[in-house]
Amino acid sequence: MNKSNERTRLISQTRAGEDADGWHRAVLDDVESRLADPEFPCVFSRNAFKKRLVKFIFVEHHGRREIRSLGEGLRDYVELSRAWDGRLDTAYPLVVAFSREAVAARTVDDYHTFGWKILQELHEIDPAPWPDDIGRDPRSGAWSMCFDGMPLFCNMSSPAHRVRRSRNLGGHFILVINPRERFDVFAGDTPSGRKVRSNIRDRIGRYDGIPHSWQLGSYGAGALEWCQYGLVEDNIERVDKCPFEFGGGARPANVIAKSEGDLSVIEIIVSQGRIGDRAPGMTEGAERTAHALEQRYDAKGQYVGRPGAPVDDDWSVSLPAAGETLTALGQAVSASITADHRTVMVANTCAASLASLPVVAREHPDCLVLWIDAHGDFNTPETTGSGYLGGMALSGACGLWDSGHGAGLDPRQVILIGARDIDPAERVLLDEAGVRIIPPAEATARRVAQAVNGSRVWVHIDWDVLEPGYVPADYQVPDGLLPNQIRAILESIPASDVLGIELAEFTATPGEGTDGGAVDSIMDMVAPVFETVADR
46 MNKSNERTRL ISQTRAGEDA DGWHRAVLDD VESRLADPEF PCVFSRNAFK
96 KRLVKFIFVE HHGRREIRSL GEGLRDYVEL SRAWDGRLDT AYPLVVAFSR
146 EAVAARTVDD YHTFGWKILQ ELHEIDPAPW PDDIGRDPRS GAWSMCFDGM
196 PLFCNMSSPA HRVRRSRNLG GHFILVINPR ERFDVFAGDT PSGRKVRSNI
246 RDRIGRYDGI PHSWQLGSYG AGALEWCQYG LVEDNIERVD KCPFEFGGGA
296 RPANVIAKSE GDLSVIEIIV SQGRIGDRAP GMTEGAERTA HALEQRYDAK
346 GQYVGRPGAP VDDDWSVSLP AAGETLTALG QAVSASITAD HRTVMVANTC
396 AASLASLPVV AREHPDCLVL WIDAHGDFNT PETTGSGYLG GMALSGACGL
446 WDSGHGAGLD PRQVILIGAR DIDPAERVLL DEAGVRIIPP AEATARRVAQ
496 AVNGSRVWVH IDWDVLEPGY VPADYQVPDG LLPNQIRAIL ESIPASDVLG
546 IELAEFTATP GEGTDGGAVD SIMDMVAPVF ETVADR
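Quick look at the structure:
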């Protein structure tokens with residue numbers, strides 16, 4: 046279950062127990078050892094664990110993808126909680142456990158800082174408006190963390206708690222989340238609720254061996270909710286401030302991966318500076334493609350670099366000449382990913398990926414790169430016969446040689462699709478690096494979907510992957526894919542799983558109004574990337 050590329054998701058206690066190994070198993074064993082103790086003060090959690098009602102989410106890494114996936118799981122939990130029947134013996138808490146690799150923390154304060162960062166990032170992708178009756182400012186007694194319209198109580202438990210043992214559930218940082226409603230029902234500001242709270246505080250004091258925290262209070266009765274999320278070890282006056290900042294109304298639905306296809310966040314980055322271009326019409330092809338995308342999806346392109354005349358030069362000359370354009374492309378892609386936009390890079394040559402893929406590897410280390418190309422583009426300065434910079438793009442991003450624009454892409458996370466013109470020395474490098482290759486005869490939607498296996502992807506398409514005659518491209522070779530195959534492959538991947546797409550090497554024919562059929566074909570092939578669930 047705990048594979049690094051598996052989606053964060055909501056799972057039942059039973060499923061967690063059946064599938065867990067590695068650090069997931071350690072979390073389950075730690076939680077069980079705490080909650081099986083009859084002295085553990087939270088009778089609600091003990092009851093839920095005994096009845097196997099607890100829900101789990103395991104977070105392998107801390108990154109944008111994981112926060113989105115955590116948001117998916119939390120929204121599933123909220124939807125499930127809306128159907129709660131109001132009985133104590135059917136209440137189910139959510140345990141969100143983070144791997145040690147995800148949390149760079151050693152002290153209680155460090156863990157609390159991390160916990161608030163997670164809550165802030167969840168707030169920033171919250172798909173629903175903040176409830177009107179819940180305070181926006183944590184300094185208000187009416188504030189509570191909310192997600193998808195539901196007020197929540199978020200208990201931060203960490204290995205650093207040595208004094209407050211009730212806030213230590215083992216060797217990993219854990220958020221225990223419950224709908225605030227459950228506390229209001231059983232421990233609210235009523236005579237019976239006050240009695241329940243008093244009993245719980247007494248149990249906490251006995252379990253921890255010190256008086257219960259001064260911060261434990263009752264919601265909306267002068268106590269600050271945020272202080273109770275992360276308790277400090279000592280009974281001292283809190284002088285720290287809550288780092289949570291209210292960000293306004295609901296975010297666009299597409300920031301949670303389940304809600305696909307808000308096309309307003311498409312960002313088109315267009316490479317117009319020469320990057321090893323050897324044929325005329327390559328920057329023009331990128332420009333025509335970008336204009337069609339702008340019109341189709343009501344987006345505005347960001348044009349990078351100035352066109353230059355094609356030259357049949359060696360990579361050692363074309364690479365430094367393209368330095369300014371490559372640097373600007375890398376910065377543009379980085380800004381787009383940071384803004385959580387759907388990144389579309391339209392490039393004159395595949396060499397533009399020397400700038401983009403290192404950024405993708407840094408920001409989305411678990412995603413797969415689908416390199417849809419007639420060639421491997423995996424030559425190095427030592428193996429290249431043509432000296433073409435575009436034929437070394439993928440190997441440079443994978444760190445086989447130093448382009449000066451970064452690396453970091455794991456070749457085992459690259460899938461070549463439609464490749465059929467691979468040099469012998471290049472083939473050796475691909476095999477040694479562990480790059481997967483799906484040749485044209487096997488490049489079906491089903492085969493690609495099986496290879497992707499639910500991972501998020503970054504797609505690169507060089508139009509020479511097609512059978513010649515559909516989209517003009519340099520270095521075309523026969524026996525390629527057909528346009529309907531490209532579309533079917535993209536349709537097999539949920540649009541929300543496509544983090545970005547690169548379209549390269551359309552060699553436009555000189556003259557205004559030419560290649561209209563090629564542009565229309567491109568628009569049709571890539572349309573699935575921008576479709577919503579309802580359109581599918």
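When we follow this note's numbering, the leftmost residue of the sequence shown carries the number 46, and every step to the right adds one. Ideal Cβ placement from N, Cα and C applies to all residues, glycine included. Predicted model, so just to flag it, every value in this text is computed and none were measured.
Quiz item: Three-state secondary structure (DSSP) at Phe289?
Solution: coil
Quiz item: Would the beta-carbon of Ile222 fall within 8 Å of that of Val141?
Solution: yes
Self-check item: Proximity of Glu329 and Val315 at Cβ, strictly below 8 Å
Solution: No, they are not a contact pair.
Quiz prompt | Residue from Arg248, Asp121, Gln273 with nearest C-alpha to Met11 | solution = With the chain covering only 46 through 581, there is no way to say anything about residue 11.
Quiz item: Secondary structure at Ile382, three-state DSSP: helix, strand or coil?
Solution: helix
Quiz prompt | Whole alpha helix (DSSP H) elements within the stretch 548-576, 4-residue minimum | solution = 561-571
Exercise. Below 6 Å CB to CB, which residues in the same chain sit around Lys303 once its five sequence neighbours on both sides are set aside?
Key: Residue confidence for Lys303 is low, a pLDDT of 36 falling below 50, so the modelled location carries little weight; the figure read from the coordinates is stated next. Here the set comprises Glu117.
Quiz item: Helix, strand or coil: which one does DSSP assign to Gln273?
Solution: Three-state DSSP puts Gln273 in a helix.
Self-check item: DSSP-derived helix/strand/coil call for Thr388
Solution: strand
Quiz prompt | Best match in Val502, Gly562, Ala533, Glu576 for proximity to Val543 [C-alpha to C-alpha] | solution = Val502
Quiz prompt | Test item: CB-CB of Thr489 and Pro517 under 8 Å | solution = Not closer than 8 Å, so no.
Quiz prompt | Proximity to Pro539 [Cα-Cα], best of Tyr137, Thr158, Ala464, Phe575 | solution = Phe575
Exercise. Determine contact between the stretch 90-97 and the stretch 130-139, defined as no fewer than three beta-carbon pairs at a distance below 8 Å.
Key: yes
Quiz prompt | Element boundaries [alpha helix (DSSP H), containing Leu439] | solution = 438-442
Quiz item: Between the stretch 210-220 and the stretch 62-75, do at least 3 Cβ pairs fall closer than 8 Å?
Solution: yes
Quiz prompt | Per-residue DSSP class, three states only, for His157 | solution = helix
Practice problem: Inspect the beta-carbon positions of Leu167 and Leu115 and report whether they are closer than 8 Å. | Solution: yes
Quiz prompt | Span of the beta strand (DSSP E) around Trp503 | solution = 502-507
Quiz item: Relative to the alpha-carbon of Arg595, which residue among Val88, Phe103, Ala373 has its alpha-carbon at the smallest distance?
Solution: With the chain represented from 46 up to 581, any question about residue 595 goes unanswered, as that position is not in the structure.
Quiz prompt | Three-way DSSP call (helix, strand, coil) for Leu197 in this model | solution = Strand.
Quiz prompt | Whole-angstrom distance between Thr158 and Asp476, CA atom to CA atom | solution = About 44 Å.
Quiz prompt | Alpha-carbon spacing of Gln347 relative to Arg127, whole angstroms | solution = Spanning the two alpha carbons is a distance of roughly 44 Å.
Exercise. State yes or no: is the C-beta of Val310 within less than 8 Å of the C-beta of Arg387?
Key: yes
Quiz prompt | Closest by C-alpha distance to Asp418, when choosing among Tyr515, Asp285, Pro485 | solution = Pro485
Exercise. For Arg387, verify whether its CB is less than 7 Å away from any heavy atom of the ligand MG.
Key: Looking at this structure, you won't find the ligand MG or any other ligand, since it has none at all.
Practice problem: Could you check what DSSP says for Trp68 in three-state terms: helix, strand or coil? | Solution: helix
Quiz item: For Glu146, which residues from the same chain have a beta carbon less than 8 Å from its beta carbon, with the 5 sequence-adjacent residues on both sides left out?
Solution: Glu105, His106
Quiz item: Mind checking Arg79: buried by the 16 CB within 10 Å criterion, or exposed?
Solution: Here Arg79 is buried: its Cβ has 16 or more other Cβ atoms, across all protein chains shown, within 10 Å.
Exercise. Could you tell me whether the Cβ atoms of Trp188 and Glu270 are closer together than 8 Å?
Key: yes
Quiz item: Relative to the alpha-carbon of Ala396, which residue among Ala549, Asp279, Gly292 has its alpha-carbon at the smallest distance?
Solution: Ala549
Self-check item: Beta-bridge partners of Met190, as assigned by DSSP
Solution: Partner(s): Leu197.
Practice problem: Can you say whether Asn498 is buried or exposed, counting buried as having 16 or more other CB atoms within 10 angstroms of its CB? | Solution: exposed
Quiz prompt | Three-state secondary structure (DSSP) of Ile320 | solution = coil
Quiz item: What residues in its chain sit with their C-beta under 8 Å from that of Pro256, if we drop five residues either side in the sequence?
Solution: Gly250, Asn280
Quiz item: What does a CB cutoff of less than 8 Å around Arg296 pick up in its chain, not counting 5 residues either side in sequence?
Solution: Low per-residue confidence applies at Arg296: pLDDT is 49, beneath 50, and the placement is therefore not dependable, though the value from the model is reported in the following sentence. Counting only Cβ-Cβ distances below 8 Å, and skipping sequence neighbours, we find Glu169, Ile170, Asp171, Pro172.
Quiz item: From Arg351 to Ile483, what distance separates their C-alpha atoms?
Solution: When rounded, the distance between both Cα atoms is 36 Å.
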